[in-house]
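K.L.:
Could you have a look at this structure, given as structure tokens, before my questions?
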Ligand code: GLY
């Protein structure tokens, strides 16, 4: 938790443009197999942002914009809880840590809301993504459950997004630390990758780094020889020489911040010539994107440039043809890169995605494309100092997509399907870094992590030599 002044300042900033009341329910424990056996507790990121309280207690924060008042409603632990878990802070103590002087018992929340509704005051809330909070809001506001998400406050969403998108120095410091843990996870994968082991064994090693250095992983680790599947959750393949291993992972800090890195490495420790050629196209897209990212530039432009580089590289290899710029504009490159260049990163891996991707990554000026591939870009808006975004170009050979596009005769003016077919079984390459937009450009967060062919091979070679000793 940061100093309470941070939370006081954030709540004050939120109050500038809003009237009425905002209700922020916290997350609750989520049972995994029976009520006392829960998933790892994860606080709601917006509750964390404005209140900083990470305890898995029944709580809700209320900000009354009209009367300049913040109230923390909460249920103190019982003696049975304390016997089970040890001494715990009271709601009053937690409120004080967050700079709140008014704390009340949780059972007073309903009557507080009833009074506000009777007075005709606006009650803002964010769209709840957990079912228990959907039920809670439905009950508190006496509305059908199906209305809860559609009736979330667009005004509150807008103000929260604008605040959370620009990271303060205290947040950047946390991000740096957790990026270092993410980088260590990647180094662990590079150093321990070898033919014969099962992906799950390596997954266990990298996730151990996340647990040792933070709260755990920031999302489900992607570690697969079948890197052509964008979010592959399957870890049961045996690593084989000649294959590429795509590793997309991150750690979450004790304060809730996420890192998100991808590296693609050769299982044998040496890239083949064909792998090198594809890898270096993706590397160029990654490096040029980082070179372009600066305040004022729409991330859409950076994305388009990366897609053009992918099309250019594949044209040079004979997999694409025609004008690469035109091909990328039309979306032909998306056979190989069916996703966007990146997304915002912060308290969530896809930062604030629960508030609506278009509310976070787009605005009145830059609207989301509907073209396959481009439509998956989560952040297209102009960059500002303090934004943190991922840069993650990729090239994938997805047999089902290739079959479908070829069958449909899609983009035959740009795609040389006969050549593309030769790459089925190749897998996929993605290279991802996390960048902070600064006053005059951007900075890659975290410690330097090997990225060139030579640097990746050198780390793997050194680890293999050490193993042999
Ligand atoms: N790197 C994981 C994701 O963006 O979903």
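Numbering (this note's numbering), first residue to last: 244 to 712.
C-beta: ideal position from N, C-alpha, C; glycine also.
If we call anything under 9 Å between Cβ atoms a contact, is residue 648 one with residue 639?
P.N.:
no
K.L.:
With burial defined as no fewer than 16 other Cβ atoms inside 10 Å of the residue's Cβ, what is the status of residue 704: buried or exposed?
P.N.:
Note on residue 704: under 16 other CB atoms within 10 angstroms of its CB, so exposed under the neighbour-count rule.
K.L.:
By how many angstroms is the C-alpha of residue 288 removed from the C-alpha of residue 499?
P.N.:
7 Å
K.L.:
CB residue 582 to CB residue 637, shorter than 9 Å?
P.N.:
yes
K.L.:
Bridge partners for residue 312 per DSSP, in chain order?
P.N.:
Paired residue(s): 307.
K.L.:
Can you list, in chain order, every residue whose CB sits closer than 5 Å to a heavy atom of the ligand GLY?
P.N.:
491, 503
K.L.:
Between which residues of its own chain and residue 577 is the CB-CB distance below 6 Å, once the five residues before and five after are set aside?
P.N.:
615, 616
K.L.:
Which same chain residues, not among the five before or five after residue 425, have their C-beta less than 6 Å away from its C-beta?
P.N.:
493, 494, 502, 504
K.L.:
Excluding the five sequence neighbours on either side, which residues of its own chain have a C-beta within less than 8 Å of the C-beta of residue 387, listed in chain order?
P.N.:
381
K.L.:
Out of 644, 267, 571, 423, state which residue places its alpha-carbon closest to the alpha-carbon of residue 657.
P.N.:
Closest option to residue 657, Cα to Cα, is 571.
K.L.:
For the 8 Å Cβ check, are there 3 or more pairs between the region 440-457 and the region 295-315?
P.N.:
Here the region 440-457 does not lie against the region 295-315, with fewer than 3 beta-carbon pairs under 8 Å apart.
K.L.:
Looking at the structure shown, is residue 386 part of a helix, part of a strand, or coil, going by DSSP?
P.N.:
coil
K.L.:
Taking its Cβ as the centre, do 16 or more other Cβ atoms sit within 10 Å of residue 710, making it buried, or is it exposed?
P.N.:
Residue 710 is exposed by the Cβ-count criterion.
K.L.:
If I'm right that residue 522 touches residue 672 with Cβ under 8 Å, what's the distance once you round it to whole angstroms?
P.N.:
5 Å
K.L.:
Have a look at the DSSP bridge pairing and note the partners of residue 369.
P.N.:
Its beta-bridge partners do not exist; DSSP assigns none.
K.L.:
Can you round the beta-carbon distance between residue 678 and residue 533 to whole angstroms, since I take them to be within the 8 Å contact cut?
P.N.:
Confirmed, Cβ separation roughly 6 Å.
K.L.:
When DSSP labels each residue in this structure, what does residue 669 get in the three-state scheme?
P.N.:
coil
K.L.:
Buried or exposed for residue 712, going by 16 or more other Cβ atoms inside 10 Å?
P.N.:
exposed
K.L.:
How big is the Cα-Cα spacing for residue 377 and residue 390?
P.N.:
10 Å
K.L.:
Helix, strand or coil for residue 237 per DSSP?
P.N.:
It is not possible to answer for residue 237, since the shown part of the chain is limited to 244 through 712.
K.L.:
Just to confirm my understanding: we take residue 434, look at its own chain, exclude 5 residues before and 5 after, and list those with CB closer than 7 Å. What are they?
P.N.:
702, 706
K.L.:
Measuring only the C-alpha atoms, how far is residue 462 from residue 496?
P.N.:
12 Å
K.L.:
Could you check where the beta strand (DSSP E) with residue 637 kicks off and where it finishes?
P.N.:
637-639
K.L.:
In terms of alpha-carbon separation, which member of 590, 642, 626 lies closest to residue 683?
P.N.:
626
K.L.:
Do residue 676 and residue 634 have their beta-carbon atoms positioned less than 9 Å apart in this structure?
P.N.:
yes
K.L.:
Helix, strand or coil for residue 632, going by three-state DSSP, please let me know.
P.N.:
Of the three classes helix, strand and coil, the one that applies to residue 632 here is strand, per DSSP.
K.L.:
Quick check on this structure: which residue in 326, 562, 589 has the alpha carbon closest to the alpha carbon of residue 414?
P.N.:
589
K.L.:
Is the region 444-461 touching the region 549-558 in the sense that three or more CB pairs, one from each, lie closer than 8 Å?
P.N.:
Because the criterion of three Cβ pairs below 8 Å is not met, the region 549-558 and the region 444-461 do not touch.
K.L.:
Taking 9 Å as the threshold (C-beta atoms), are residue 449 and residue 466 in contact?
P.N.:
yes
K.L.:
Using the beta-carbon count (16 or more within 10 Å), is residue 357 buried or exposed?
P.N.:
An exposed status is given to residue 357, since fewer than 16 other beta-carbon atoms sit within 10 Å of its beta-carbon.
K.L.:
For the region 328-356, which segments carrying the alpha helix (DSSP H) assignment without a break, of at least 4 residues, lie completely within its bounds, in sequence order?
P.N.:
334-340
K.L.:
Who does residue 504 pair with in a DSSP beta bridge?
P.N.:
492
K.L.:
Can you tell me whether DSSP reads residue 399 as helix, strand or coil?
P.N.:
helix
K.L.:
Using a threshold of 9 Å, state whether the C-beta atoms of residue 303 and residue 352 are closer than that.
P.N.:
yes
K.L.:
Given residue 714, which residues of its chain have a CB within under 7 Å of its CB, disregarding the five upstream and five downstream residues?
P.N.:
Since the first and last residues shown for the chain are 244 and 712, residue 714 lies out of range.
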